[in-house]
Structures are given as C-alpha cells and as structure tokens.
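Q: Under our numbering, the first residue of the sequence shown carries the number 1, and numbering increases by one thereafter. Beta carbons are placed, not taken as given, at the ideal position from N, Cα and C, and that holds for glycine.
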Amino acid sequence: MLGEQDPGGGQVREHWRGNPGIGLGLAIALLVGLAIAASVTALALLASSDANAANHARDSYARESSDKSWSAGRGHAIALQVTSVTPAGGSVGVSGEAAIRVVFSASVAPGSPMPVLSPSVPGRWQSSGRVLSFVPDLPFAASSRMTLRIPAGPAGVRSAAGGLLARAVRVSFRTAPYSRLRLAQLLGKLGYLPVSWQAAAPSGGLAGARGGGDLAAQMALAYHPSAGLFTAIPGYPASLRAQWRAAGDNLVIRGAVMAFQAQHRMAVTGAVSRGLWHALFLAAVSGQRNAVGYTYAIASKGSPETLTIWHDGRVVLRSLANTGIAVAPTAAGTYPVYLRLRFQVMQGTNPDGSHYADPVSFVAYFDAGDAVHYFPRYSYGYPQSLGCVELPYDDAERAWPYLTYGSLITVTG
1 MLGEQDPGGG QVREHWRGNP GIGLGLAIAL LVGLAIAASV TALALLASSD ANAANHARDS
61 YARESSDKSW SAGRGHAIAL QVTSVTPAGG SVGVSGEAAI RVVFSASVAP GSPMPVLSPS
121 VPGRWQSSGR VLSFVPDLPF AASSRMTLRI PAGPAGVRSA AGGLLARAVR VSFRTAPYSR
181 LRLAQLLGKL GYLPVSWQAA APSGGLAGAR GGGDLAAQMA LAYHPSAGLF TAIPGYPASL
241 RAQWRAAGDN LVIRGAVMAF QAQHRMAVTG AVSRGLWHAL FLAAVSGQRN AVGYTYAIAS
301 KGSPETLTIW HDGRVVLRSL ANTGIAVAPT AAGTYPVYLR LRFQVMQGTN PDGSHYADPV
361 SFVAYFDAGD AVHYFPRYSY GYPQSLGCVE LPYDDAERAW PYLTYGSLIT VTG
C-alpha cells in the first residue's frame, strides 16, 4: 500500500495496487472451473443419452428376438390359408347329402376351433391332416341357402404348429330342390295315387345303407330317388290314366297332395312345401298309408247326364245328374275337390238378376263355386243348375263319403 499526500495539504488517501500476477491467476482458475463444470454436465448428458440409446436398442432387440421367436414357433400361422371349399361359394343345386370339405395349406391342430354353419345343422366335424369335413346327421333341407364361416385369429382355426388363420373366410351355397319323381314315388307307395310304386332294389349312399327306413334315408332319397316301378291300379277309366305322369306338375299329383294334406290335418292347398315333404318322410318311415282310399269321378254332360264314381279301382256309384244350363254351364276339365260341407245355404244371383239362397246337402266343391251336391228337382239327367252337379238325395248321400279332399272330378261333354 502506498500513501499519497493530497496536493492541497489534506488527508493522505491510500490505493491498493495489488499484484498483477495474482489477479490473472484467479481469473484463469475461475475460467477453468467453469469449463470443467460444463464438461462434467455435458458428459453426464451424453452418458444419459447413451444409456437411453442402449436401453432402446436392447428393447428393440428383445422385441425383434421375440418376434423372431413367435415367427419361428408359428411359422405356419402366417402361411395358413384355405386352399379350397366344397361346395364352392356361389354353388346352386347342391345335393343335401353332400359333405362339406375344407382344405387348408397346413395340418389342422387337434382340438382346433371348427368352422360354423348357418343355419345350424346337427352333425359333426372330422379332421384329417389338412382337411376338415362336416357330415350332417340329416341331409340339408332342400332349396336352402347355407353359409359356412371359417373363423380366424386367436379364436379361429389353428394349425398343428400353433399358427392362426389370417382372416375369416365366408362361403355360401344353395341346396337343390327335392325331386318331383320322389314325390310321386312316396304318394304312390302310400296309396294316394291310382298307381302303386315299388323300389327295384336298395339304392346306394345313405338311403341304401339304411334301407330308406329312417328320416335321414328318406331325405336322401328325396335328392336321389331310387329306381323303381309304377304300376297302374286296374279298374279306372282311360281318362284318368291319360292324365298320369310320374314327374312334373299334373292334376293327379296335385289331387294326391291335397288328399295327403287333409288326412294329416294340414291346410289343403295342393302346394308342395317343406312341411309337406317332412310329413311325407315321417309317413313313409312309419308306413302310414292313405286311410280313405282313392276316388275318381266323371260328370258326363251327355244324354242323360250322369255322375260315375270309382273307388279303389271299382265303380261304387252311377247316378243321374244335372249340370249347368247354357248361360251358366259346368266347365269341362278335371278338378280336385277342395272343400266339403255336410250342409250349406248356397247364395248367389240368378241369370235374371234375382237372388237365391238355397239349402243344399252333401256338398263337395271342385271348381270355384261349382260343387257336387243334393238339390231337390222333379227329375234329373239334363242341364238345370247354374254350374253345379246336382244329385238326388240318396245318391248324393252315397257319393259324399267318396268325394274326399283331392278326389278328381272330370267334367266331359
């Protein structure tokens, strides 16, 4: 420290001059400390980044290793595919007896979930290597749309190696209608036709294996009728035989269907429905035959007019009758009886415009408003009605039990 005297003779002030070397050292030390601190911080951040990167790499490696392990263990899952389905999607006219067959690109694991069929059909899936097959307990219903869904994912079909199907597969097909020939065979066998039918020999397939003796066999035969022989029942007139055909739609078959419906407490429509087929199958299995026999009638507009009835191949009634007058004739043709009434008050309009309400008995309607029935007349044998076939009381009473639902009436002349 150096003293300095004020020029004015005042107090002396003192100044620190310091050592220039010492000040410079302190500054350098401070700068070095800051640099070291910054370096330490940078190194810490770098270490943290490197640690995070290492952890990320380790996690990525672990995931990659896991994926590789899954892929190695389930290598077939990625490749598993449905290579074919039978019946093919969009198929029509498929036999109800046909088994469903699904082929995969790899063997299916035991206990694997199975495909699902809609509507549900009782049956069982069978697995053999790459093939799954469904065998129904009963043939599929006729004229039905069936949909097969093959599930995928964890709840879906899996391979023997543990792999999964990548995506679900959906296939639909439609079954064929039942055979009209088989309809005639069943009706003939059960006694609803003027012909009988007998199988030539046991058929192959499901029906042949079971002899046609159970429901499944009957359904199978409805798709693939067995060979057999129709034999005309003797005693009926040629006009009936001329209308008989085993296949296709015809009045003989329609009348037989109506007769069957009536005896089985079904709506008498003549329509061939699934319900009718099912009832026919059950009747065939149980041997439930026609309980009232087969009837055919001819209403002749000759001179004199008559009604003749055949039952089970023999004439049971021949009566004088009245048919329609010229302005309301009884139309020629063949018709099945569709409605029966023991008694009725018939109402309508006469040709002159007047109204009538006539009590009649033993009524069997066959063509719209025309029916066979009793109506009191002074005489019979020529046109007097408004289209009906009128009979004397005693003959109408005798005719009515024979003119059952579905009985054919042919109007001639």
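Just checking my contact of D214 with V285 at CB under 8 Å: how many whole Å lie between their CB atoms?
A: 6 Å
Q: Alpha helix (DSSP H) containing V252: first to last residue?
A: L251 to Q263
Q: Taking the CB atoms as reference points, tell me whether S407 and G255 lie closer together than 8 Å.
A: yes
Q: According to the neighbour-count rule (16 or more other Cβ atoms, all chains shown, within 10 Å of its Cβ), is D395 buried or exposed?
A: buried
Q: How many whole angstroms separate the CB atoms of A142 and A176, which I take to be in contact at a CB cut-off of 8 Å?
A: At roughly 7 Å, the Cβ-Cβ gap stays under 8 Å, so A142 and A176 are in contact.
Q: With distances taken Cα to Cα, identify the nearest neighbour of V252 among M258, A259 and W244.
A: W244
Q: By Cβ distance below 8 Å, which residues in the same chain neighbour S385 in space, the five residues on each side in sequence not counted?
A: N322, T323, G324, I325, A328, T330 and F375
Q: Is it right to say W118 is buried, meaning 16 or more other beta carbons lie within 10 angstroms of its own, or is it exposed?
A: The displayed chain sequence assigns Ser, not Trp, to residue 118. By the neighbour-count rule (16 or more Cβ atoms within 10 Å), S118 is not buried but exposed.
Q: Is R340 near V363, with beta carbons less than 8 Å apart?
A: yes
Q: Taking just the CA atoms, how far does A166 sit from S107?
A: 15 Å
Q: Measuring CA to CA, which of A332, C388, T349 and S354 is closest to T412?
A: A332
Q: Looking at C-alpha atoms only, which residue of P392, Y338, Q344 and R377 is the closest neighbour of T404?
A: Cα-wise, what sits closest to T404 is Y338.
Q: Is any beta-carbon of chain B found at less than 8 Å from that of L320?
A: The question asks about chain B, but that chain is absent: this structure has only one protein chain.
Q: Out of curiosity, what's the CA-to-CA distance linking A187 and S354?
A: Just to set this straight, residue 187 is Leu in the shown sequence, not Ala. If I take the Cα positions, the gap works out to 46 Å.
Q: Comparing alpha-carbon positions, which option in G293, D137, K189 and R124 lies nearest G287?
A: K189
Q: May I ask you to report which of helix, strand or coil DSSP gives G324?
A: strand
Q: In the structure shown, what three-state DSSP assignment does L126 receive?
A: Reading off the sequence, residue 126 comes out as Gln, not Leu. Correct three-state label for Q126: strand.
Q: Who are the near neighbours of Q218 in its chain, counting only those whose CB is closer than 7 Å to its CB and skipping five residues on each side?
A: G212, F281, A284 and V285
Q: Indicate the three-state DSSP secondary structure (helix, strand or coil) for D312 in the structure shown.
A: It is coil, neither helix nor strand.
Q: Counting only the same chain and skipping the five closest in sequence on each side, list residues whose C-beta sits under 6 Å from that of W400.
A: F362
Q: State the Cα-Cα distance for the pair N250 and T306, rounded to the nearest angstrom.
A: T306 has its alpha-carbon roughly 25 Å from the corresponding atom of N250.
Q: Between the C-alpha atoms of P383 and G235, what's the straight-line distance to the nearest angstrom?
A: Cα to Cα, the separation comes out at about 29 Å.
Q: I need the DSSP call for F281, collapsed to helix, strand or coil.
A: helix
Q: Going by other Cβ atoms of all chains shown within 10 Å of its Cβ, with 16 needed for buried, is Y356 buried or exposed?
A: exposed
Q: Assuming Y223 and G90 are in contact, meaning their beta carbons sit under 8 Å apart, how far apart are those beta carbons, in whole angstroms?
A: Contact flag wrong, Cβ pair sits at about 20 Å.
Q: Our contact map puts L164 next to A152 with C-beta atoms below 8 Å; I'd like the distance itself, whole angstroms only.
A: The Cβ separation is near 7 Å, so the contact holds.
Q: In terms of residue numbering, what span does the alpha helix (DSSP H) encompassing S239 cover?
A: Going by DSSP, S239 is part of the alpha helix (DSSP H) stretching over A238 to R241.
Q: When DSSP labels each residue in this structure, what does S354 get in the three-state scheme?
A: coil
Q: Tell me the rounded alpha-carbon separation between R318 and T308.
A: Rounded to the nearest angstrom, the two C-alpha atoms are 4 Å apart.
Q: V268 and T231 - do their beta-carbons sit closer together than 8 Å?
A: no
Q: Mind checking which residues open and close the alpha helix (DSSP H) that includes L221?
A: L215 to Y223
Q: Measuring straight from C-alpha to C-alpha, what distance separates Q263 and T83?
A: Those two C-alpha atoms are separated by around 51 Å.
Q: Kindly indicate which residue of P113, R314 and Y178 has the alpha-carbon position closest to the one of I150.
A: Of the candidates P113, R314 and Y178, the residue whose Cα lies closest to the Cα of I150 is P113.
Q: Which word fits T410, buried or exposed, when buried means at least 16 other C-beta atoms lie within 10 angstroms of its C-beta?
A: buried
Q: For G129, which residues from the same chain have a beta carbon less than 6 Å from its beta carbon, with the 5 sequence-adjacent residues on both sides left out?
A: S107
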